[in-house]
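Chemist: In this note's numbering, the protein residues as written are 234 to 339.
Structural data, given as structure tokens:
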């Protein structure tokens, strides 16, 4: 009986792990202290990047080439974008001109 429980538990863990590996990778950028952190991130094509505003101030995540735009993000709001093209994608905050960063997709 113990052997059957061990096998069943192993199979459950195996299927949970398989399901996790099928999910697209997610990388997070934090907005805090009037900056994006990290200010540069390199990801593989197909990766989802999530931005999280951790400040009371409103911010945006706006592509320099209008490729993506979060609109206004209040405290604790997030914006996600999946990068399907290879390239360098600089972005900024529309409310704070010194807030600049980039995503590099390989």
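We treat Cβ as the ideally placed atom computed from N, Cα and C, and that holds for glycine.
Pick helix, strand or coil for residue 277, following the three-state DSSP scheme.
Modeler: coil
Chemist: Spatial neighbours of residue 317 within its chain, please: C-beta separation below 7 Å, excluding the five flanking residues on both sides.
Modeler: Excluding sequence neighbours, residue 317 sits near 278, 279.
Chemist: Quick one: what's got a C-beta closer than 7 Å to residue 321's C-beta in the same chain, skipping five residues either side?
Modeler: 335, 337
Chemist: Check whether the Cβ of residue 276 lies closer than 8 Å to any heavy atom of the ligand ATP, and answer yes or no.
Modeler: Although the ligand ATP was asked about, the structure shown includes no ligands whatsoever.
Chemist: Got a sec? Which residues, its chain only, sit under 6 Å from residue 333 by beta carbon, not counting five neighbours each side?
Modeler: Apart from sequence neighbours up to five positions away, the residues of its chain that approach residue 333 with a beta-carbon distance below 6 Å are 325, ordered along the chain.
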